[in-house]
Amino acid sequence: MTDNIDATVLIVGAGPAGSTAAYFLARAGVDVLLVDQATFPRDKSCGDSICPGAVEILDKMGLSDWVSLKGYAKNIGYRLSSPNGSVANIPFPSQFSPYPNYLIPRREFDHTLVQHAVAAGARLREGVRLTGFERISADTVCVTGVEGKTPVSLTAKLVIAADGSISAFTSRRGMVPGPTDGLALRQYYGNVAGEPGQFELHWDKSVLPAYGFIFHMNDGIAVFGTGMFRKDQQRLKANIQERLTTFMTQNVYARKALENARPISPVAGHPYRDDAELVKPYADNLMLVGDAAGTGHPMTGEGVGPAMISAEIAARFAIQALQNGDVSEIGLVGYGLAFHKQFDSLHKISQLARNVLTFPWMVDRTIQRCAKDPIFGAAMAGILAGVVSPGEMLKPGMALRLLAG
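When the count follows my numbering, it moves up by one through the sequence shown with no breaks and lands on 910 for the last residue.
So, in structure tokens, the structure goes:
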């Protein structure tokens, strides 16, 4: 049956993780079929921040010139505010990374990645929803689903699941620990007051223990949003949409930005998971990448960069497994080791830092120090940009800076 397979590697989901994996596999000469239930271009709920880690992957993919030529807004710095009204303005921490942080609408970003993967040799099939997985033999699996109302059946040697936080390929196999960790909402506005590339994060009382954000894009467009973890939603009996509305109508910075603004999109939301350290990202003939593998950053909510990083790692080990002729769980164990080396310590320390910043007095203190201490502020900006580990804040030197008068 392996002579009649539809693809050597079938990638389910053509978001940043799926398209990145498809590109690296196709570039290596692997027969890749990339399948998505949507038709591109399509929108995706997101804060649209493309962090330096993602930009580094774009550079490896040969897309850095595309980003530069398009003139997307580039992170110029952070405005942070705390529950007691303390404010810190911190420039983008370019000393920690040669790569910038862009704001790129996901409709454009994802479409470009898909096109780039296809240009590298991947095949694309749109409008197909795949949910079933059956291992037929050691080197053949059958994935089933629907195209409209028509049943679809596809065969491959290896499947890479890049189908998001609520993946069809994980829960039945015990690869992820449970339901998604939280929910994020965002809405675009036009004619917003603010400078392109300004990232605002406000730990406002209306959204604690989370923060509200305002990311200023080009042409007066900005994305407003917030998120909340499941445990906090349950504990506070919180309605996250009401919290977003309250943030935009009561926060002093949001109100100022919105004085003459108008909504240009509905509110959109997406679930997310950030439990990569608890995920088993591989099984017989199956690999998980991106949100399906819980790679979202536990402290910042950043999803695109970690997803692309996991996809590059997965592509490397998929090529190796195919060359070795072993796509079983044993043949893919190297991916699991590399995946956990990449994400485990970062996620554990990020979760600790996130929990610390649920206390209003700690947020007040942190932002006060960011305003007064350039070294401390730069480290905080580096954490928010994903180029500094939150563990830096827990080191004795930084702890002393936090406690300083």
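Even glycine gets a Cβ: it sits at the ideal position worked out from N, Cα and C.
Note to self: Rounded to the nearest angstrom, what separates Ile-988 and Gly-830 at their Cα positions?
What the structure shows: For the chain, the structure presents residues 506 to 910; residue 988 sits outside this window and is missing.
Practice problem: Using 10 angstroms around the beta-carbon of Trp-866, count the other beta-carbons present and answer buried if the total reaches 16, otherwise exposed. | Solution: Looking up residue 866 in the sequence shown gives position 361. Its Cβ having fewer than 16 others within 10 Å, Trp-866 is exposed.
- Message: With the cut-off set at 8 Å, would you say Ala-762 and Ile-719 are in Cβ contact?
- Response: As a first step, residue 762 must be located in the sequence shown, where it is residue number 257. As a first step, residue 719 must be located in the sequence shown, where it is residue number 214. Yes, the Cβ-Cβ distance between Ala-762 and Ile-719 is below 8 Å.
**OP:** Could you round the C-beta distance between Ala-707 and Asn-756 to whole angstroms and report it? I think they count as a contact, below 8 Å.
**Re:** Sequence index remark: in the sequence shown, residue 707 carries index 202 (1-based). Sequence index remark: in the sequence shown, residue 756 carries index 251 (1-based). This sequence places His at residue 707; Ala is not what is there. Right, their Cβ atoms sit about 6 Å apart.
| Euclidean distance between Cα positions of Ala-904 and Val-868 | On the sequence shown, position 399 is the one that residue 904 refers to. On the sequence shown, position 363 is the one that residue 868 refers to. In a straight line, the C-alpha of Ala-904 is about 14 Å away from that of Val-868.
Measuring CA to CA, which of Leu-842, Met-804, Glu-705 and Tyr-604 is closest to Ser-573?
-> By 1-based counting over the sequence shown, the position of residue 573 is 68. Out of Leu-842, Met-804, Glu-705 and Tyr-604, Tyr-604 has the C-alpha closest to the C-alpha of Ser-573.
ask   = Can you tell which of Glu-817, Leu-837, Val-619 and Gly-695 has the C-alpha that lies nearest to the C-alpha of Ala-826?
value = Start at 1 with the first residue of the sequence shown, and residue 826 comes out as number 321. It is Leu-837.
Need the endpoints of the beta strand (DSSP E) that Ser-642 sits in, please. On the sequence shown, position 137 is the one that residue 642 refers to. 634-642 is the extent of the beta strand (DSSP E) around Ser-642.
Just to confirm, are Cys-556 and Asn-594 a CB contact at a threshold of 8 Å?
Numbered from its first residue, the sequence shown carries residue 556 at position 51. Numbered from its first residue, the sequence shown carries residue 594 at position 89. No, they are not a contact pair.
(request) Report buried or exposed for Glu-700, applying the criterion of at least 16 other Cβ atoms within 10 angstroms of its Cβ. (result) Residue 700 sits at position 195 when you count from the first residue of the sequence shown. Classification of Glu-700: exposed, given that the 10 Å Cβ count is below 16.
### Task
Mind the definition here: the stretch 643-661 touches the stretch 721-737 only if three or more C-beta pairs lie below 8 Å; say whether that holds.
no
Q. Nearest-angstrom Cα distance between Thr-751 and Leu-539?
A. Position 246 of the sequence shown holds residue 751. Position 34 of the sequence shown holds residue 539. Using only the alpha carbons, I get a separation of about 41 Å.
message: Tell me which residue opens and which closes the beta strand (DSSP E) that Leu-842 is part of.
response: Translated into positions along the sequence shown, residue 842 becomes position 337. Where Leu-842 is concerned, there is no enclosing beta strand (DSSP E), although the alpha helix (DSSP H) it sits in stretches over 838-861.
Using C-beta distances below 8 Å, list every residue in its chain close to Ile-459, excluding the 5 sequence neighbours before and after it, in chain order. Any property of residue 459 remains undetermined from this structure, which presents the chain solely from 506 to 910.
Is Leu-608 near Tyr-577, with beta carbons less than 8 Å apart?
-> To locate residue 608, count along the sequence shown from 1; it is residue 103. To locate residue 577, count along the sequence shown from 1; it is residue 72. Yes. Within cutoff.
Local conformation of Ile-609 per DSSP, three classes: Position 104 of the sequence shown, counting from 1, holds the residue named residue 609. Three-state DSSP puts Ile-609 in coil, outside helix and strand.
Discussion item. My output table needs one value for Ser-894: the three-state DSSP class, helix, strand or coil.
Written reply: As a first step, residue 894 is located in the sequence shown; it is residue number 389 there, counting from the start. Here Ser-894 sits in coil by DSSP.
Q.
Quick check: Ala-622 and Ala-559, are their CB atoms within less than 8 Å of each other?
A. In the sequence shown, the residue the question calls residue 622 occupies position 117. In the sequence shown, the residue the question calls residue 559 occupies position 54. Going by C-beta atoms, Ala-622 is not nearer than 8 Å to Ala-559.
Open item on the list: Pull the bridge partners of Gly-695 from the DSSP assignment, please.
Closed with: Taking the sequence shown and counting its residues from 1, one reaches residue 695 at position 190. Answer by DSSP bridge pairing, in chain order: Arg-767.
* Asked: Which residues does DSSP pair with Met-792 in a beta bridge?
  -> On the sequence shown, residue 792 is found 287 positions in, with the first residue counted as 1. Per DSSP, Ile-665 and Tyr-787.
Problem set entry | Cβ-Cβ separation, Thr-675 to Leu-851 (assumed contact under 8 Å), whole Å | Looking up residue 851 in the sequence shown gives position 346. Looking up residue 675 in the sequence shown gives position 170. The pair is not a contact, with the Cβ atoms about 21 Å apart (cut-off 8 Å).
Helix, strand or coil: which one does DSSP assign to Gln-542?
-> Numbered from 1 along the sequence shown, position 37 holds the residue referred to as residue 542. It is coil, neither helix nor strand.
Next on the checklist: Could you tell me the alpha carbon to alpha carbon distance between Pro-786 and Val-681, rounded to whole angstroms?
Outcome noted: Within the sequence shown, the letter at position 281 stands for residue 786. Within the sequence shown, the letter at position 176 stands for residue 681. The straight-line gap from Cα to Cα measures roughly 8 Å.
Can you tell me which residues form a DSSP beta bridge with Lys-927? Any answer about residue 927 is impossible in this case: the structure gives the chain only from 506 up to 910.
If we count Cβ pairs, one from each stretch, closer than 8 Å, do we get three or more for the stretch 801-820 versus the stretch 719-728? no
| task | Output yes or no for whether 8 Å exceeds the beta carbon distance between Thr-660 and Thr-645. | result | Counting from one through the sequence shown, the residue named residue 660 turns up at place 155. Counting from one through the sequence shown, the residue named residue 645 turns up at place 140. Contact: yes.
>> I believe Gln-873 touches Val-772 by the beta-carbon criterion, under 8 Å. Please report the beta-carbon distance rounded to the nearest angstrom.
In response: For the purposes of this step, residue 873 is identified with residue 368 of the sequence shown, where counting begins at 1. For the purposes of this step, residue 772 is identified with residue 267 of the sequence shown, where counting begins at 1. About 32 Å; that fails the 8 Å criterion.
Just checking my contact of Gly-683 with Thr-544 at CB under 8 Å: how many whole Å lie between their CB atoms?
Residue 683 sits at position 178 when you count from the first residue of the sequence shown. Residue 544 sits at position 39 when you count from the first residue of the sequence shown. Gly-683 to Thr-544, Cβ: 32 Å. No contact.
Q.
Going by beta-carbon coordinates alone, are Leu-713 and Leu-749 separated by less than 8 Å?
A. To locate residue 713, count along the sequence shown from 1; it is residue 208. To locate residue 749, count along the sequence shown from 1; it is residue 244. Not a contact, by the Cβ cut-off of 8 Å.
| field | Residues near Ser-894 by beta carbon distance below 7 Å, same chain, minus five either side | value | Numbered from 1 along the sequence shown, position 389 holds the residue referred to as residue 894. If we look at Ser-894 and ignore the five residues flanking it on each side, its Cβ neighbours are Leu-851 and Ile-854.
Compute the Euclidean distance between the alpha carbons of Thr-507 and Asn-580, then round it to the nearest angstrom. Start at 1 with the first residue of the sequence shown, and residue 507 comes out as number 2. Start at 1 with the first residue of the sequence shown, and residue 580 comes out as number 75. With a pLDDT of only 41 at Thr-507, under the threshold of 50, the placement of this residue in the model should not be trusted; the figure read from the coordinates follows. For Thr-507 and Asn-580, the distance between alpha carbons rounds to 48 Å.
TODO: Out of Arg-640, Arg-634, Asp-564 and Ala-643, state which residue places its alpha-carbon closest to the alpha-carbon of Leu-618.
DONE: Here residue 618 is taken as the residue at index 113 of the sequence shown, counted from 1. Taking only the C-alpha atoms, the option nearest Leu-618 is Asp-564.
- Query: DSSP on Pro-656, reduced to helix/strand/coil?
  - Reply: By one-based count along the sequence shown, residue 656 stands at place 151. Note: Pro-656 maps to strand in three-state DSSP.
query: How would you call Ile-665, buried or exposed, if buried means at least 16 neighbouring beta carbons within 10 angstroms?
result: Here residue 665 refers to the residue found at position 160 of the sequence shown. Flag for Ile-665 reads buried.
Taking the C-alpha atoms as reference points, what is the distance between Phe-529 and Asp-779?
For the purposes of this step, residue 529 is taken as residue 24 along the sequence shown, with counting starting at 1. For the purposes of this step, residue 779 is taken as residue 274 along the sequence shown, with counting starting at 1. Looking at the two C-alpha atoms, the distance is approximately 24 Å.
Open item on the list: Taking the alpha carbon of Ala-812 as the reference point, which residue from Leu-629, Gly-669, Arg-532 and Leu-663 has its own alpha carbon closest?
Closed with: For the purposes of this step, residue 812 is taken as the residue at position 307 of the sequence shown. Per the Cα distances, Gly-669.
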